[in-house]
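Below is one structure, written out as structure tokens; the observations come after it.
Protein chains: 2
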Amino acid sequence: MNTELILANIAKHISLDKNEIDFFLSLLKPEEVSKKSVLLKEGQLCRDINFVHHGTLRAFYMGKEAKESTIMFAVADWWITDMYCFINQKPAMLTITAVEDSQLFRLRKEDLDRLYLQVPKFERFFRIIMQNAYIREQLRIIENLSLSAEERYTNFLSRYPKVAQQVTQKQIASYLGITPEFLSTLRANKRIK
Amino acid sequence: MNTELILANIAKHISLDKNEIDFFLSLLKPEEVSKKSVLLKEGQLCRDINFVHHGTLRAFYMGKEAKESTIMFAVADWWITDMYCFINQKPAMLTITAVEDSQLFRLRKEDLDRLYLQVPKFERFFRIIMQNAYIREQLRIIENLSLSAEERYTNFLSRYPKVAQQVTQKQIASYLGITPEFLSTLRANKRIK
DNA sequence: CGTCTATTTGAATGTACTCAAAAGCGGTGG
DNA sequence: CCACCGCTTTTGAGTACATTCAAATAGACG
């Protein structure tokens with residue numbers, strides 16, 4: 001599992017010298033997970049933030065009556081964790097599972113904190129990562145408030161075509177906030193795809 | 194308009210020496226705005242991020258057929274802007290108005306960029322601000338996906354009691370993603386407040 | 001005081017859900 | 001390799017939640 005992708009991800013926003021790169025890499029724990037395996041379970045302590053090197057992960061919230069709400073999908077080159085519980089080291093609200101066999105790098109909270117101290121440039125890096133995540137979530141809220149289920153679905157397909165190929169309709173429905181049955185009828189009406 | 198509140202806001206996450214404080218303050222532009230005045234209009238370039246010193250602001254998205262969706266409210270001690278358009282210096286998607294007479298400090302994008310260079314600790318500060326904003330938006334998405342309109346309303350009241358006192362029901366409804374008529378019947382059913 | 005907007009109320013409608021059952025698809029073991 | 005099992009997807013009928021439209025009332029502001 002090579003480190004080119006994650007280093008390129010970092011290099012998008014900050015430049016590191018050789019020592020800094022080595023130190024950063026020394027903190028990462030590569031991991032291969034198979035389809036359906038659970039990386040984080042609701043209630044567990046959320047110890048790491050994950051960078052997806054290959055594959056697809058899904059984070060969801062389990063509401064009343066076993067109703068799942070998909071909070072995010074992550075494909076290659078994405079960071080994913082239960083941010084609230086990661087930052088505050090609280091029991092997770094979210095469950096994170098592998099949608100397909102995946103490879104990731106995990107970074108522990110305490111190691112990230114060390115990284116911030118030793119290489120403050122990473123404050124900048126994660127400032128930008130958080131900023132983008134915030135903007136993305138806000139855009140999603142705007143869409144949820146202002147668009148119909150059908151429009152949200154077609155937007156999802158065009159914005160995340162790779163994700164759409166990997167995950168089930170049921171999972172997409174739970175991301176959009178509608179039932180799988182209703183998504184099915186939407187597709188039938190529009191003859192989408 | 195004194196600077197204690199904003200300095201305390203900063204001090205929650207980083208500590209500055211005298212020079213750094215002075216430099217930071219030199220970049221701020223205090224501004225008093227009266228009720229209903231428009232700080233940012235959809236389509237305009239979004240040049241600043243705003244810190245609310247006193248009062249209440251509201252950011253909303255204008256969808257089809259004059260339907261407003263409230264994206265966020267900001268009361269004293271909050272930062273608010275159209276983040277996407279601020280960061281990318283694009284025409285605003287959001288409109289930001291004063292719900293009541295308010296006092297704020299504005300910080301221009303180019304000055305924030307200078308601040309990052311001169312006082313890198315601010316990378317940390319805004320990393321934390323962005324992180325919190327991301328977490329908050331994600332929580333809102335979870336609620337939108339998993340709770341009923343009534344539950345979201347009661348949560349809103351308990352989470353943002355100050356905001357709830359300042360804004361109209363119509364504005365709250367547009368934040369929750371329901372019509373004002375429906376919010377009115379919810380309140381009647383529950384005899385809430 | 002008069003005007004404008006917000007809020008309430010109610011009736012009719014539509015969007016999305018629940019429940020149920022059938023069909024499709026993928027994975028697994030005999 | 002096929003048969004079966006479990007889960008996903010489809011389809012449909014009936015229902016509930018939330019909207020639209022309309023009109024009356026209440027509040028805020030000049």
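Line order of the protein sequences matches chains A and B. Here the first sequence stands for residues 1 to 193, where the numbers follow our numbering. Here the second sequence stands for residues 194 to 386, where the numbers follow our numbering. For glycine and all other residues, C-beta sits at the position ideal for the given N, C-alpha and C.
Using a Cβ-Cβ cut-off of less than 7 Å, give me the residues of the stretch 49-65 of chain A that come near chain B, in sequence order.
Y61 and G63
Leaving aside the five residues before and after A/F73 along the sequence, list all residues of the same chain whose C-beta is less than 6 Å from its C-beta, in chain order.
R58 and V163
Could you tell me which whole beta strand (DSSP E) segments of length 3 or greater appear in the stretch 217-284 of chain B?
Complete beta strand (DSSP E) runs here, min 3: 222-226, 231-233, 241-247, 249-255 and 261-268.
Look at B/F298 and B/F216 and say whether their C-beta atoms are less than 9 Å apart.
no
Cα-Cα separation between B/E374 and A/H54, rounded to whole angstroms:
48 Å
Use the C-beta contact count for A/T70: other C-beta atoms within 10 angstroms, 16 or more gives buried, fewer gives exposed.
buried
With distances taken from CA atoms, which of A/R152, A/D17, A/L39 and A/L45 is nearest A/K109?
A/L45
Members of the stretch 131-146 of chain A that neighbour chain B once the beta carbon cut-off is set at 8 Å
Residues passing the 8 Å Cβ filter: Q131, A133, Y134, I135, E137, Q138, L139, R140, I141, I142, N144, L145 and S146.
Mind checking A/E65: buried by the 16 CB within 10 Å criterion, or exposed?
So A/E65 ends up on the exposed side.
If you check the beta carbons only, do B/A342 and B/L379 fall under 9 Å apart?
The Cβ-Cβ distance between B/A342 and B/L379 falls below 9 Å.
List, in order along the chain, the chain A residues whose C-beta lies closer than 8 Å to that of B/R317?
Y116, P120, E123 and R127
Alpha carbon to alpha carbon, how far is B/K283 from B/Y277?
8 Å
Taking B/K363 as the query, report the chain A residues whose CB atoms sit under 8 Å from its CB, ordered along the chain.
Per Cβ cutoff of 8 Å: no residues; B/K363 is ~14 Å from chain A at best.
Cα-Cα separation, B/I365 to A/P120
Computed Cα separation, rounded: 40 Å.
Euclidean distance between Cα positions of A/K67 and B/N281:
If you draw a straight line from the Cα of A/K67 to the Cα of B/N281, it is about 37 Å long.
Using 10 angstroms around the beta-carbon of B/R352, count the other beta-carbons present and answer buried if the total reaches 16, otherwise exposed.
Note on B/R352: under 16 other CB atoms within 10 angstroms of its CB, so exposed under the neighbour-count rule.
State the DSSP-derived secondary structure class of B/S341, mapped to helix, strand or coil.
coil
Provide the residue span of the alpha helix (DSSP H) that contains B/L376, from first to last.
Per DSSP, B/L376 belongs to the alpha helix (DSSP H) from P373 to K383.
Pull up the CB-CB distance for A/G197 and B/N337, whole angstroms please, since I reckon it's below 8 Å.
In the structure as shown, chain A begins at 1 and stops at 193. Residue 197 of chain A is therefore absent and cannot be evaluated.
Could you check what DSSP says for B/S208 in three-state terms: helix, strand or coil?
coil
Interface residues of chain A around B/G236 at Cβ under 8 Å?
Chain A residues near B/G236: none, gap ~16 Å exceeds 8 Å.
Cutoff 9 Å: B/S295 Cβ touching any chain A Cβ:
no
Please look up how many angstroms separate the CB atoms of A/G43 and A/A92, rounded, as I've assumed it's under 8 Å.
About 6 Å; that satisfies the 8 Å criterion.
Take B/L218 and list the residues in its own chain whose beta-carbon comes closer than 7 Å to its own, dropping the five residues that flank it on each side.
Cβ within range, chain order: T196.
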